[in-house]
Amino acid sequence: MHTFNHRDGQHLDIDGARIYVEEQGNPDGPALLFLPGGFDQIETWNLLTPGLAATHRLIGIDSRGHGRSTLGPQPLSYRRLEEDVKAVVRHLGLARYGVIGHSDGGIVALRLAADPANPVTHIIPIGAQWELPPDDPARDELAQATPDFWRKLFPGTRQTYGVGTYEALNPEPDFDAFARAVLAMWLSDGDDAYPGERIRAIRARTLIIHGEEDPFVSRPHTQALLDRVPHAKLLHLPFTEHSAHEERVDWVLPVIREFLGTSDALEEPVKE
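The working numbering puts the first residue of the sequence shown at 1, with every later residue one more than the last.
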């Protein structure tokens, strides 16, 4: 298969939650993990995956509380999501892997790559913040995402991140609790939150994808990430907002394929 469908996967019991994992693509290809953004789930990647399925082992993970993964009793944090991914990697026995992540998934990708103990060969963060200072205007935007706000704006199943989609997929749906947990994670600080200056330790090959009109991630913020990961490549897209993998797949996919297929992107990390 070339796309994620929420039928072909399995649940893994990880620290009080059941995490949904699904594999598609070429089982003999290099492993590429797909991490969706906040409120979203792995079918968000289905415009992109057909162009990668012939060459890569595609592994989609519904983040804790999202899609078909349950929330569990622990507070939601970027560290918690990182630990879930590491547990999936151990279960699958992956010796090395790449990560493509959107928004929250991109933040988790940055956290994973910033820890040299993780065998991450390359990352592709899309619309991802590496820090969220107290005076960042994005805080005001994010703080609006209360359960009532999200339910009013995205009530149905038309979007992969809609409330109706969540309620149809999730084994233990409780949208109010889920939305409050996501919002708390977005606005959190400290070691469990955004990776911050730890990104300077990233040696995995890195392709940063940023939309010029992203309301959450500014151009200066993206430039600061690029400055701290000097070997990184940047794909900066005009006329594009927060979800480049959906809005501009015809622009994004050829660059991702080039990135994955050149410069030993699937081999050893960049040396210091």
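Think of the CB as a built atom: it goes at the ideal place given N, C-alpha and C, for glycine as much as any other residue.
Compare the Cα-Cα distances from Thr-77 to each of Met-185, Ile-256, Thr-206 and report the closest residue. Note on identity: in this sequence residue 77 is Ser, with Thr being the wrong assignment. Selected option, being the one with the closest Cα: Met-185.
Beta-carbon proximity list for Val-255, same chain, < 6 angstroms, skipping 5 on both sides: Leu-235
Between the beta-carbon of Ala-204 and the beta-carbon of Ala-113, is there less than 8 angstroms? yes
Identity of the residue in Asn-46, Glu-197, Gln-74, Phe-34 nearest Ala-109 by Cα: Phe-34
Buried or exposed: where does Ala-54 fall if 16 or more other Cβ atoms within 10 Å of its Cβ makes it buried? exposed
Does the distance from the C-beta atom of Gly-164 to that of Pro-155 stay below 8 angstroms? yes
CA-CA distance, Asp-176 and Ile-19? 20 angstroms
Using DSSP's beta-bridge definition, name the partner residues of Ala-17. Ile-14
Any idea what DSSP makes of Thr-44, helix, strand or coil? helix
Per DSSP, which one or two residues make a beta bridge with Phe-34? Gly-60, Ile-100
Could you check the C-alpha separation between Arg-57 and Leu-48 for me, to the nearest Å? 14 angstroms
Sufficient close CB pairs (3 or more, under 8 angstroms) joining the segment 121-137 to the segment 96-110: yes
Determine the direct distance from the alpha carbon of Trp-45 to that of Gly-29, and round the result to whole angstroms. 18 angstroms
My assumption, with CB atoms under 8 angstroms, is that Ile-199 sits in contact with Trp-130. Please give the rounded CB distance. 5 angstroms
Please state whether DSSP places Glu-131 in a helix, a strand or coil. coil
Quick check on the burial criterion: 16 or more other C-beta atoms within 10 angstroms. Buried or exposed for Gln-10? exposed
At a Cβ threshold of 8 angstroms, is Arg-96 touching chain C? The chain labelled as chain C is not found in the depicted structure, where only one protein chain is given.
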